[in-house]
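J.: So that we are looking at the same thing, I have put the structure below in structure tokens.
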Amino acid sequence: MKNQEEAIFDFDTPIQRMGTGSLKWDDAAHRFGGEVLPMWVADMDFAIPECIISTLQQRLDHPIFGYPSAGPFMVEAAENWMETRHDWRPEPGATGSISGVVPALFAAVRAFTQPGDSVIVMPPIYPPFMTAVQKNGRELLLAPLQRGADNSYSIDWPALEEALTRSRLLLLCSPHNPVGRVWSAEELQHLADLCSAAGCVVISDEIHADLSYVQHIPFPVFSSRSVLLSSAGKSFNIAGIGGGIAIIPDPELRQMFRDELYRSQIHQTNTCALKAMTSAWQLGAEWQSALRQYLLTNAGFIQDFLQQELPDLGYRIPEFGYLAWLDVSAYGDDVTIQENLLKAGLGLNLGPSFGPGGAGFVRLNFATPRATLEEGLSRLRKAMLS
């Protein structure tokens, strides 16, 4: 007997995505060099909440699509959501709309550093953190995370303190993709104290925060010398629409960031993104609560499968979201793993793309119906035992 949430929201029925212009599905064969079941890029194979579809349809009924306003309704919805979901409300004026989190991450590097400056990143990490530094002509300063014996990760404090002597900007992934960590209050406070003492600004990408299974705390709670970047894109599966928010408590940093957005002409958010995010944050809480439960059940299913079928594969249930960080080093080197995955018809993100610490790992996206996940794990077993 399904519970009420499962009866209302169907995450089990597969939806055909081929032919929809999907990066994840339509581009997979080209990316991987053959036909694969795509379980790589971080978007979900679930229908978005009906409230978002309804809101967009209502907007489409109006025949004019001129330049949108700066999004005051969306900002209010975002601040209300932040207060309800994360028990923190930004101060008035701190929140603004952005065209997307990744463009804003690149813009922040330009806003707060000069060409040749060093920027701190803690790998293994979502690749655009590194390219945001390198493509903007800054020096990539790495302070890799420490991996524990239980497949958990922590900040390497001595390495970070050393890096802070050479940089005034740190790009923080919170929660941290791909290693599955939601940073604790103690960790974030210590990080804030170190950065404050060093005069270092923190750019905190918190796009996965809404899907945390443990308490997530926004970084500006600990330091006003920070920029929080987020969106409904990941947590409501509307990444293709774009849009997001930047929360900047410090007026000086806020102006510097906005100046760079205007210089780069990425300061506007499109009409549909504003509508979709507003609807998500105003009306989507129940859907997202059910989603988190489904994802967490999927994460546990992976653990049970691996313990029985691939006991030498390292895995820890992530503290947020739908990205499994798998240690496959016992089954071959990165080249062998890549070849065997292709033979098995499975498309995963390979660990080396996440920087130092990624060798010997793959990232698997389990935001998919259970039947698809079962098929993906069957192909993973085939690849590892080849």
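Heads up: take any position in the sequence shown, counting from 1, add 736, and you land on this note's numbering. By construction, the Cβ of each residue, glycine as well, lies at the ideal position given by its N, Cα and C atoms.
#1: Closest by CA to His926, which one among Leu896, Gly884 and His952?
#2: Considering only the alpha carbon of each residue, which of Asn913, Pro826 and Arg999 lies closest to His944?
#3: Mind checking who Phe1097 pairs with in its DSSP beta bridge?
#4: Can you check DSSP and say which residues form a bridge with Thr1033?
#5: In whole angstroms, what is the alpha-carbon distance linking Pro863 and Gly1091?
#6: Would the segment 1087-1107 count as touching the segment 1004-1016 if we require 3 or more Cβ pairs under 8 Å?
#7: Would Leu1140 and Ala868 be called neighbours here (beta carbons separated by less than 8 Å)?
#8: Quick one: Cα of Gln1044 to Cα of Phe1037, how far?
#9: Which one of Pro799, Arg1106 and His952 has the shortest CA to CA distance from Trp824?
#10: Report yes if the CB atom of Ala1066 is closer than 8 Å to the CB atom of Asp1048, and no otherwise.
#11: Rounded to the nearest angstrom, what separates Pro851 and Leu881 at their Cα positions?
#12: Go to Glu875, then tell me how far its beta strand (DSSP E) extends in each direction, as first and last residue.
#13: Relative to the C-alpha of Arg1115, which residue among Tyr1058, Phe1097 and Leu1084 is closest?
#14: CB-CB under 6 Å to Met737, same chain, minus the five flanking residues each way: which ones, in chain order?
#15: Tell whether a beta-carbon distance below 8 Å holds between Ser790 and Met810.
#16: With a threshold of 6 Å on Cβ separation, who are the neighbours of Gly969 within its own chain once the five nearest residues in sequence on each side are excluded?
#17: Do you know how far the Cα of Tyr889 is from the Cα of Ser971?
#18: Ile744: buried (16+ other C-beta within 10 angstroms of its C-beta) or exposed?
#19: With Ile981 and Ser967 assumed to form a contact (beta carbons below 8 Å), what rounded beta-carbon distance in angstroms separates them?
#20: Taking Arg1099 as the reference, give the member of Leu1113, Ala1107, Pro1105 and Arg1106 with the closest Cα.
#21: Is the segment 993-1003 close to the segment 835-849, with three or more CB pairs under 8 Å?
#22: Does DSSP classify Cys1154 as helix, strand or coil?
#23: Between which two residues does the alpha helix (DSSP H) containing Asp762 stretch?
#24: With the cut-off set at 8 Å, would you say Glu815 and Pro808 are in Cβ contact?
#25: Within 10 angstroms of the Cβ of Thr1104, are there 16 or more other Cβ atoms? Answer buried if so, exposed if not.
#26: Considering just the uninterrupted stretch of the alpha helix (DSSP H) at Ile856, what are its terminal residues?
#27: Would you call Met754 buried or exposed, if buried means 16 or more other Cβ atoms sit within 10 Å of its Cβ?
#28: What does DSSP give as the partner residue(s) for Asn1085 in the beta ladder?
#29: Given that a residue counts as buried once 16 or more other Cβ atoms are within 10 Å of its Cβ, and exposed if not, what is Ser1025?
#30: Just the Cα atoms here: how many angstroms apart are Asp1070 and Leu947?
#31: Report yes if the C-beta distance between Val957 and Leu907 is below 8 Å; otherwise report no.
#32: Measuring straight from C-alpha to C-alpha, what distance separates Ser843 and Thr1108?
#33: Smallest Cα separation from Gly1018: which of Glu786, Asp797 and Tyr1030?
#34: Which runs of the alpha helix (DSSP H) at least 4 residues long sit entirely within the segment 986-1016? Give them in chain order.
#35: Which residue from Leu1062, Glu875 and Asp763 puts its Cα closest to that of Arg883?
#36: Compare the beta carbon distance of Gly769 and Leu1031 with 8 Å and say whether it is the shorter of the two.
T.: Taking the structure as given:
#1: The shortest C-alpha separation from His926 is found at Leu896.
#2: Ranked by Cα distance from His944, the first of Asn913, Pro826 and Arg999 is Asn913.
#3: Asp1063.
#4: Bridge partners of Thr1033: none, in fact.
#5: So the two alpha carbons sit approximately 7 Å from each other.
#6: Touching, no, given that fewer than three Cβ pairs across the two stretches are closer than 8 Å.
#7: The displayed coordinates of the chain run from 737 to 1122. Any statement about residue 1140 would go beyond what the structure contains.
#8: A straight-line Cα-Cα distance of about 11 Å links Gln1044 and Phe1037.
#9: The shortest C-alpha separation from Trp824 is found at His952.
#10: Yes, these two residues count as a Cβ contact at 8 Å.
#11: Taking the Cα positions, Pro851 is about 26 Å away from Leu881.
#12: Run containing Glu875: Glu875 to Leu878, per the beta strand (DSSP E) assignment.
#13: Taking the Cα of Arg1115 as reference, the smallest distance to any Cα among Tyr1058, Phe1097 and Leu1084 is reached at Leu1084.
#14: For Met737, the predicted model reports a pLDDT of 33, less than 50, meaning its position is unreliable and no value from the coordinates is stated.
#15: No. Outside cutoff.
#16: Here the set comprises Ala975.
#17: Using only the alpha carbons, I get a separation of about 23 Å.
#18: With fewer than 16 other CB atoms across the displayed protein chains lying within 10 angstroms of its CB, Ile744 is exposed.
#19: Indeed, because the Cβ distance is near 7 Å, the residues count as touching under 8 Å.
#20: Nearest option by C-alpha distance: Leu1113.
#21: Touching, per the Cβ criterion.
#22: With the chain represented from 737 up to 1122, any question about residue 1154 goes unanswered, as that position is not in the structure.
#23: From DSSP, the alpha helix (DSSP H) with Asp762 extends over Leu759 to Asp762.
#24: No; because the gap between Cβ atoms is not below 8 Å, this pair is not in contact.
#25: Sixteen is the threshold: when 16 or more other Cβ atoms of the shown chains lie within 10 Å of the Cβ of Thr1104, as they do, the residue is buried.
#26: Judged by DSSP secondary structure, Ile856 falls outside any alpha helix (DSSP H) and instead within the beta strand (DSSP E) spanning Ser854 to Val857.
#27: Counting Cβ neighbours within 10 Å, Met754 comes out exposed, since fewer than 16 surround it.
#28: Arg1099, per the DSSP bridge assignment.
#29: Exposed: under 16 other Cβ atoms inside 10 Å.
#30: Each residue's alpha carbon lies about 30 Å from the other.
#31: Contact check for Val957 against Leu907 fails: the beta carbons are separated by 8 Å or more.
#32: Note on residue identity: the sequence assigns Ala, not Ser, to residue 843. Their backbone Cα atoms lie some 37 Å apart in a straight line.
#33: Per the sequence presented here, residue 1018 reads as Gln, with Gly not at that position. Measuring from the Cα of Gln1018, the nearest candidate turns out to be Glu786.
#34: Within the segment 986-1016, complete alpha helix (DSSP H) segments of at least 4 residues are found at 987-1000, given in chain order.
#35: Of the listed residues, the one whose Cα sits closest to Arg883 is Leu1062.
#36: A distance of 8 Å or more separates the beta carbons of Gly769 and Leu1031.
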